[in-house]
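Every number in the working numbering is 8 more than the matching position in the sequence shown, counting from 1. Backbone N, C-alpha and C fix where the C-beta goes; we use that ideal spot for every residue, glycine too.
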Amino acid sequence: MKLIEAIGIRLDNLIDENNTTIYSLAKDTGVPRSTVWKIIHPDLTRVKTVKIDTIYQLTDTLGITLSQFFDNPIFNEVND
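Next up, the structure:
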């Protein structure tokens with residue numbers, strides 16, 4: 009799995025766990041909704057990277073740290 013795919017899966021799972029939506033998260037963070045959608049669906053949009061400060065904005069709004077975001081077994085499957 010590519011890193012961008014793991015980030016998208018992790019973010020999508022956090023959105024579900026927090027009972028929120030892409031729209032609400034984007035509105036609360038100031039990150040464009042299209043950017044959040046592209047992070048979650050990199051295979052459909054050909055996104056290859058995401059800025060760490062964007063991830064920080066999203067995780068901060070979701071109430072977790074960057075360490076907590078990346079401390080997930082999904083990142084053990086990254087091989088690119």
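Assigned secondary structure, residue i (DSSP; H/G/I helix, E/B strand, else coil)
{"i": "Asp-79", "result": "coil"}
{"i": "Ile-48", "result": "helix"}
{"i": "Thr-29", "result": "coil"}
{"i": "Lys-35", "result": "helix"}
{"i": "Val-54", "result": "For the record, residue 54 in the displayed sequence is Arg; it is not Val. Three-state result, Arg-54: coil."}
{"i": "Asn-87", "result": "coil"}
Residue i vs residue j beta-carbon contact at 7 Å
{"i": "Pro-50", "j": "Gly-71", "result": "no"}
{"i": "Thr-53", "j": "Lys-59", "result": "no"}
{"i": "Ile-82", "j": "Arg-18", "result": "yes"}
Residue range of the alpha helix (DSSP H) that includes residue i
{"i": "Thr-62", "result": "60-70"}
Residue-level contact to chain C via CB, residue i, 7 Å cutoff
{"i": "Ser-42", "result": "You won't find chain C in this structure, because it holds only one protein chain."}
Contact set for residue i: own chain, Cβ-Cβ below 7 Å, skip 5 residues either direction
{"i": "Asp-36", "result": "Thr-69"}
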